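Under this note's numbering, the first residue of the sequence shown carries the number 321, and numbering increases by one thereafter. These notes concern the structure reproduced below.
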Amino acid sequence: MNLTKRLSLLIYNNKLLLIVGISWLFNALDIGLFSFLLTAIKQDWGLSSNQLTYIVNINSVGMVIGACLFGLYADSRGRKPVLIFTLILFSIFSGLCAFAWNFTSFIILRFIMGIGLGGQLPVILTLISEQAPLAEKDKIISLIEVFWSFGIIFSTLIGYFLLSIAAISWQTVMLLMATPALYAFYLAYNLMDIPRYQKPNLLKNPKMVEFKLGYLFNSKYRKNTLMLWIVWFCIIFSYYGLFLWLPNIMIMKGIGFVQSFKYIILITIVQIPSYFSVIWLIRYVSGKLILIMYLIGTLISAELFGNADSMMELLSYGSLLSFFNLGAWAALYIHTTEQYPSFIRATGIGATVSIGLIGSILGPLMAKWLMANAVPIPSIFSVFSIAILIAVLTLVMQNECTQQEQME
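Printed below as a string of structure tokens:
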């Protein structure tokens, strides 16, 4: 390959990564900022802890529906229009939450917002797996997660500044969360779809949805579909039940709120090199093997963190947990995109993400129940470590997908 072709390929890869990565960053910004707003909303409306749980869970229920629904639409109507629509949907309804007048109206708006947010991930993963050059696909999928980390870091800094220092109301912050919808105009003019979806007349088959869902369970894909569902459920269950409780765990271990905030920033920054480690490893081993390795690292780190006592141990083991857990996510995305051919890829990924997101509802409920019953912290971490172990054992039994099947 001559220099001109290499330069052209580099520009194309970077443009694709940037265009799709910014959409993914907006997802992280919304989720991260909303976690800061929950306390302010609770105080403003005098909500109970149970009502706060409903708000968090209704968002996850919407995401479960959105992931499956828009995965199907992405396979029948194209990746680009679905990505644009879901971006507009979750951004606009996130902003509309600023005008909610009570608890009921708020959860209705947040539910619709969750549908749009849930539809983003399967479309983004499918789009990259098809538009990126085969040799660069895994690298670009891994780098997408860097945008997620930056989104979480930015949301933490923005949320801390707006709510704690500038003392801006939560309604104003939610109104600002509608601005990512403007990015849809840029996507409309700069994002291309694959050729098959540039001819919409070929896609108007009324039996298409039934066919695509059924295809996931034919003799060729049934085993991998069910195993993917188990893996995604276990990983998301443990992530939401364990990783997102880190600030609370640190406070329970005697670290002040401000100090725990600084620790979380440091622990989050560690995620970024984990993605680059996956990019380096993918040149030598499969995404499945990397995922198994990083899940084992997550399991060990979780046990160490759960039994940590000193501040140095909490920071060290928390950083290891962050490194392996988020590196596992990058490997999970790579592995998942390899399991289905192009014509059912978004459907397969969407259904898998949808099942996995059920874990985002049950994980926090499990953690809350364990803490309410005064279960020791090491035992809490062990419960979620078991889920990670189940994911590892399932992956060991799962078949590898051939390169020819990935390219279909």
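All residues carry an ideal CB built from backbone N, CA and C; glycine is no exception. Because the structure is a prediction, the values reported are computed rather than measured.
Within a 10 Å sphere around the beta-carbon of Y583 sit 16 or more other beta-carbons, which makes this residue buried.
Nearest in C-alpha terms to Q363, of all of Y541, W490, F663, is W490. The three-state secondary structure of G679, taken from DSSP, is helix. An exposed status is given to K335, since fewer than 16 other beta-carbon atoms sit within 10 Å of its beta-carbon. Each residue's CA atom was taken as its position, placing T667 and I464 some 20 Å apart. G638 is not a Cβ neighbour of S594, given a cutoff of 8 Å. Under the 8 Å Cβ criterion, the region 657-671 does not count as touching the region 612-630, having fewer than three qualifying pairs.
With fewer than 16 other Cβ atoms inside 10 Å of its own Cβ, D629 counts as exposed. Residue burial annotation: Y506 is exposed, with fewer than 16 other C-beta atoms found within 10 angstroms of its C-beta.
Following the DSSP letters along the chain, one finds R542 inside the alpha helix (DSSP H) bounded by residues 542-562. With a cut-off of 8 Å on Cβ pairs, the region 696-705 is not in contact with the region 459-476, counting fewer than three such pairs. Sequence-distant Cβ neighbours of S411 in its own chain, meaning closer than 6 Å and more than five residues away, are A498, P500, A501. A Cβ-Cβ contact shorter than 8 Å links S475 with A348.
The shortest CA-to-CA distance from N422 to any of L690, S558, G366, T672 is the one to G366.
Contact between L677 and I556 holds, with the beta-carbon distance rounding to 6 Å and staying under 8 Å.
Considering only V443, L337, I460, the residue with the shortest C-alpha distance to T672 is V443.
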